[in-house]
Structure formats: C-alpha cells, structure tokens
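Comments concern the structure below.
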Amino acid sequence: MFFRRSHIISRPFLIRLHYIKASQSSTTHTNLSLLFQKLSNSNSLKHCHQIHALLVVSGAISDVYFTNNLLNLYSNCPNIAHARFLFDESLQRNVVTWTSMITGYVRRGDFESALWVFKTMIREARERPNQFTYSVSIRACTGARSFQLGLQIHTLILRSGLENDGFAGSALVDMYCKMGRLGNALRVFDGLVFKDLVSWNLMMAGFAEIGDVEEVMRMFDEMRWRGLEPNGFTMSSLLKCCRSTREIERIHGFVVKNVLVELDKVLGGALVDAYGKCGDVESGRRLLDGMVEKDAFAWSSMISNYVKCGSGEKAVILFKEICGLGVQSDEHVLSGVLKACVEMGEIDLGTQIHSQIVKFGYGRNCLASSILLDLYSDFGRIVDAEKLFRRILNRDRVSWNSMIAAYALFEDYVVECLKLFCEFQRNERMKPDGMTFLAVLRTCSSGLDLCKGLQIHAQIIKSSYSSEIYVSNAVIDMYAKCGSINDALRAFETMVCRDEASWSSIIGSYTHVGEKFKALKLWKQMFESGVCPSSFSFPLFLSACSSLASIDSGKQCHSLIIKSAYASEVYTGTAIVDLYAKCGSMDDSIKSFLEICVPNTATFNALILGLAEHGNVREAIKRFYEMEKMGIKPDKITFIALLSGCRHAGLLDESLIFLDIMQLKYAIEPGTEHYACLVDAFGRTGRLDEAYDMVLRTQAASSSASIWKALLGACLNYKNLTVGAASAKKLMELEPHDHAPYVLLSNLYSSTGRWQKASELRDWMAKSGVLKDPGSSQLINRNSEAA
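Read left to right, the sequence shown gives residues 635 to 1421 (the numbering used here).
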C-alpha cells in the first residue's frame, strides 16, 4: 500500500492521489489543497518526498501557497533538515513561509535556530512579521531564555500596533511569566481587549510557578465570574499551588464533580505529577492505573516521580509495562527512564534505551541526548559521548554544556574540553552561559592551566556572568588550584554578593596552599559578617585547626557545631573526629565518633588512623572489624592506617594478614605506601631477606626508590651487608645521581668493619661529582627575622 495504516488515510483519498499522479492535467489547485489537508497530521518523510516530487513535476512548486504547505509537512517530520532545505531553495517567500520555518524549529525545541530565522527575516525579508510570526518568535525567546531579545520583539509588536492581539499578547504573557517578570506579564494581560481562557491560564500558571496561592485563587474566581469555565490547564495551575495531598484531593473532587473532559489527558497527568511532588507517589500511581486514557505526560510524570523519590527500579518496571502495552514512548518518557539509568548506574540498560531512542527517531534531538551524554560520561565512555554529540543535528546550549562538562570530568581530556569550548564560542546562534564557564574553569583547575584560566575569567567579566555567585566561586577555586592565591583573593574581594559557598571557597583555597592561619582569620571574618557556617564550611575550619594542632580553636568550633545541630552529620562529624585525633585527644575523638548517626569510610579512617598513630593498635584493629560488620567497605587509606600502626607495634604477622584481606577480600591493589609499611615491619623484626624478596617480586614496590631506601636503612640498623648492598645497587639504578644510596652504603661498610670499601666508595663519589648536600640550620628570633 502507498501509505502506512498508522496515518489513517481513507481509501477514496488514496484513489484521488493516484489519479493526480497519473494525470498532470488533473493536478488542480483544489485537488492539491485537499491532498495537503488530508496529510496535515502526517509525519512520514516518504509522503513528503512523494508530494514534493508531484509539485515539481506539475510545476506547482513555484506557487508559494503550495511551498508553504509542503514546508509545514516537512516540519512535522523527525528530521527538520528537509524543511530547512526547502526553505533555503524557495525562490518566493512570504510571511507564512518565514513563520512556518520558525514554527518548525520551535516544535523541535531548537529555539536558537528559530530566533536566527526570525532575525534574518527582520534584516532581509520585504514581508513584515504578523501576529503569528511574533507569537511563535516570542515562544522561541521563552524556550531559549533570551529575555533581552524578547523585550526587543515586544517593542516591534508595539510599533506594529499588535499589543492587544490575542496571539501575540498570550505569547508575551507566557514569556514574562516564565522569565519571572510577573509585573510585565500582568501589564500585557490587563491590556488585552479580549481575554480568552488561554491568556487566563497562562497568567495563573505564572503566579502558580512562584507559589502565590492567593493570586491564583483570586484569578480563578474572577475568571469564573466572567463566565469562563476552567479546563484541564486551569486546574493544573491550581495543582501547582498544592502543598499537601489533602489539597490535591479537594481539586480532584472538584474535577470529578464538574466532569471536566480533560481529566484523562491534560489533568490526569497533572494530578499524577502533583501527587509525586507532595511525596505521595503511590496515590499518583493509583490514579494513573485508574485513568481510561493515558497520554505521554501521564506516563512520563509517573516515571519522573519514581526517579525523584529514588525508586529507579520502579521507573524501569513501569517503562517495561508501557512497552508491553504496545504504547510508543515519546522523548519525555524515554528521557525519564534514562534518568533512572543514571541514578541506578545501569549503563547496559541505558544503552538499550539509547537504541529505542534512535528507533523512534529521537536520536538527534537534544533532550534525551543530553541525558545520554551524562550517562556515558559518568561511566567514562567519552568516545561514545563524542559520537552521540556529533550526531545531534541542532545542538542546544544544554547539549554543548553536557559535552564540555563530560570532558571536564577527566584530566586526560583537558585539551579536548578547551577545543570544544572554542568551537562553542564560534557558534553564531548561542553563546556560553554560567554552566559552560563552570565546566571550563574546572578543566583549567584540573589541568593547572593558569594562563587559560585568566582568559576564561576575562570572558566571564565581559559576558557579565561574574555577577553570578556560583561562577565567581568557581573562579576562586580555579585560581587556588593553579597556585595563584592572590588572584583568588582579588576575585573574592571584587564580589558584590558573597554567600556561604563564596567564603568556603576562599577559606578552602588558603587551606589548600597551606596558609592555615589566614584560613582561620577568614573564617572568623565570615562569622563576623553574619554569614552562618554550614556542614560544608565547618570542616574547612576544623581542617585548619587540625593542621595547626590548635585544639582550643577546634573546641570553640565544635561548640558552634553542636548549637547548629551539625555534629551528627557525617561530613562535619568526621572532621571533628580527625581534629581530636590529630591533637592527641583520643577520648574526645572516640566520643565524637559515637555521636555520628551513620559513619562512613572516611569517618572510620580518621578514627583508625588516630588510634594507630597514638599506639593503640589493638583498638584500631577492633574498629576495623566493627567497620566490616556494619557493611562499610574499607579503602586504601584504611589499610595504610592499619599497616602503619602494625609496623610501629612490631605486629608483622597482623600486617601480612591485612595485606591478604586487602588483596583477596576487597580486590585493592597495594600501593607504594602499603609496601613501605610492610618493609618497615619486616625491618623492625630483622627479617630483611623476606623483605627483599617481597620488594623484588612486586612491581609497585621494586620501582619505588623510597622503599629501597627504607630497606637499606633497615639493613644499616641490623648490619646486613648482603641485603644492604643489593638494595643499594637497585637504588642506584633508579636514582643514579642521588647521594643517599652511596652515603648509606658507605655507612654500612663502616659499621661492618669494611673500612677500605667505605673509603673507596667515598673517593668514587668525589671523583664522580656525587656529593652529599651540606647541612644547614635556621634560627628565628622573636621578631620573626631569619638569621
């Protein structure tokens, strides 16, 4: 058959189409108009190509009326590039042509391209925009969050005398409401000569968005007084104001009582969404199950509710139910399931969803693709993310930001991140925003590229994003990590508004570069300025106190934390445990540890390390087994703390047991620090031959100069010339210009009575230019002047 059954085109019409194709003489204006009318809801590219060919053969393609109809048909197809090609090739364009092209982009969510076409129309077209052109262009401004351009279009509307037109006026109301400019929206709304239900709904939705319940209810009552009956969209605005399940049930009852026809479509999904936002996900699910007709919004709302409450598994199960019913999922449903995959870490399932997105024709769209970019980047599949990004036809700002942020997560992709940022800057239709700069600044931080960071900062200032607090905080962090603390301080001091994160950024910056006293001073300034510390800034202060062993300042901070009710939080509590442990107050450390509701790995590490350093190794081991019983997985730092404690206590057998637990039970590969502890433990018990064999057969240990130095030092203590000479040889191979192995071996020769060997080695060092660094000392007087 010529057409697919899904497009529901009648058999008589098919006969007419074949008749038109067979006889060019019969290709009349009326027949073609009927043909376009029948295909108005079709999204089949095949149909479009056939009609296009028919118009070319018949010569009707030169008629702008038919060109516009064909342009609308192409705009319904998943790939709008065909519509754009027809638009570019059209010899004649009128206001409908331009409006159709803008509308096509808006339908696809490509607002930047829509605005580009509108700007081109203003510059080049002889036809002036009408109320429909302005209406759809304002919608594009709303979608692109382009407030300044929206104001300019509003000015053009005023000059055209269309400010009271229902189409343009409603679009302006919608834009101002969604931009948070309700005063502007209300002025446009009051100026409308005829206020239809659409304009009332838009105005109510604006007030509902900011939670102004009283104004929404006032407008609702006035609208009904004027004789307008609410529909599903009206009730959706009321639902947004609901703060409890009881309020939702009242509105639900009103809907049932008044038998609103939109219940199964518009309002059903809104009710499901409202129940989810109030935390009553199960009531939303019962409502969904009871709906006779479910649309994509209802399905996607339920999936979104599951994702928001952390039930990604249920979201996936519901998606499988949708597939089982034979319902074709739209982009929003698929995007919701992808979010569940991101939350659950299900990369395989996410890949399967990706294949369905491609199958249903959404593979080049921005919404689902942006979530897929996040999914692939979370799992380090940057190559897949790159391929996906390059396949997106009309990339929006979110897509660009997602790909730049993906590169920024990995130090190996610093160059690619900066290249993509430069490519984004060359884009004429859109420019970087605050989130773009945030990702690029993170790249400069990880790559320690201060020069590029300075350039990015200059662009931020030029683009006025420096007024955004979160961007300025990222600038401070970038300068600190690149080692330019003075630039970080200047950026902080030029901020007009500072929040708690701003203070934490500069305090953390000074802590990062070792300026602990300055960090403490800034923290006190923050407190004096009236900014309340949080569970993020308290640990920064405690870290500085720990490094300075300033227990008095730490205790003062601890008292503030208790008053602020942050002591039981794991992040703050861990910092308190670490403070007391490093200051030698283990009783307070243990007491603080017990006050934490849900300790994590870092909490146990702080306590175990403190106990081990203060010689209470048995208690440290006890805490380790307690950690295992609680199901908390240890990490590399945990075993460094245990091995360090065991070596100081001479517990070699326990050290070997923990090495086995680390490798066999938790699959953690020991690093240099772990082997250094083991070598020291072997050395303290005089088992140097075993230590040498272990180092020799382990790649991580045998390639480390510090471990061979530790073993050589142990050989000097026990006067073991055999192992010592072999260790010195290995060390000389790794660091031939370092004087340490030669000096240690010379001392070993001397301690074992090999005076001749020691003398020969010293002479060889002098001839080869391998000299021991001369000793030095420094005295500091009361005025802190070096002498």
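Ideal Cβ positions, reconstructed from N, Cα and C, are used throughout, including at glycine.
Since the structure is predicted, the reported quantities are computational estimates derived from the model, not experimental observations.
- By the CB criterion at 8 Å, T1237 and V1204 fall inside the cutoff.
- Ranked by how close their Cα comes to the Cα of I1095, the residues S917, W1137, L959, F1071 have F1071 in first place.
- DSSP, reduced to helix, strand and coil, places N1354 outside both helices and strands of the structure shown, so it counts as coil.
- Annotated as proximal: G910 and S938, with beta-carbon spacing under 8 Å.
- By the neighbour-count criterion, in which a residue is buried when 16 or more other Cβ atoms sit within 10 angstroms of its Cβ, E965 is buried.
- Closest by C-alpha distance to E1253, out of K1263, L1241, M1366, K1150, is L1241.
- Looking at the backbone, the Cα of S1101 and that of N1028 are separated by about 30 Å.
- Taken atom to atom, the span from the alpha-carbon of K753 to that of E723 is near 19 Å.
- In this structure, L873 sits away from L836, with a CB-CB distance that is not shorter than 8 Å.
- 8 Å or more divides the Cβ of S1036 from the Cβ of I1026.
- Following the DSSP letters along the chain, one finds P1233 in no alpha helix (DSSP H), marked with neither H nor E.
- Rounded to the nearest whole angstrom, the C-alpha separation of D824 and L1022 is 47 Å.
- One alpha carbon belongs to T1386, the other to Y1376, and they sit about 15 Å apart.
- For N706, the secondary structure class from DSSP, reduced to helix, strand or coil, is helix.
- Residue environment for K1263: exposed (fewer than 16 other C-beta atoms within 10 angstroms of its C-beta).
- V976 is the residue among R1015, V976, N1351, P1370 whose C-alpha sits nearest the C-alpha of E947.
- In the DSSP annotation of this structure, the continuous segment of the alpha helix (DSSP H) that includes G784 starts and ends at 781-794.
- Taking all protein chains in view, the Cβ of C1166 is surrounded by fewer than 16 other Cβ atoms within 10 Å, so the residue is classified as exposed.
- In terms of CA proximity to S1080, A1039 leads the group A1039, I1291, R1063.
- For G1188, the closest alpha carbon among the candidates K1086, S1163, S1226 is that of S1226.
- Taking one beta carbon from each stretch, the stretch 1362-1371 and the stretch 1387-1401 have fewer than 3 pairs nearer than 8 Å; the two do not touch.
- Q1059 and A715 have their C-alpha atoms some 23 Å from each other.
- The straight-line gap separating the alpha-carbon atoms of R1281 and S1180 is approximately 24 Å.
- In this chain, the alpha helix (DSSP H) harbouring P1173 covers 1171-1182.
- The three-state secondary structure of R1318, taken from DSSP, is helix.
- Counting only unbroken stretches of 4 or more residues, the alpha helix (DSSP H) elements lying wholly within the stretch 1220-1281 are 1220-1229, 1235-1247, 1251-1263, in sequence order.
- Counting along the chain, G1387 sits inside no alpha helix (DSSP H), nor does DSSP assign it H or E at all.
- At the C-beta level, G1244 and S1278 stay beyond 8 Å of one another.
- Runs of alpha helix (DSSP H) with 4 or more residues, each lying fully within the stretch 948-1003, are found at 965-978, 981-993, listed in chain order.
- F931 and L1009 have their C-alpha atoms some 23 Å from each other.
- With distances taken between CA atoms, I951 lies nearest to A974 out of K829, A974, Y1326, Q962.
- Counting C-beta atoms within 10 angstroms of its own C-beta, D1046 has fewer than 16 neighbours from the protein chains shown and is therefore classed as exposed.
- The three-state secondary structure of S1337, taken from DSSP, is coil.
- By the criterion of a C-beta distance shorter than 6 Å, N706 is surrounded in its chain by S734, once the five residues flanking it on both sides are discounted.
- T868 and G845 have their alpha carbons spaced roughly 15 Å apart.
- Straight through space, the alpha carbons of P1066 and V807 are spaced by roughly 27 Å.
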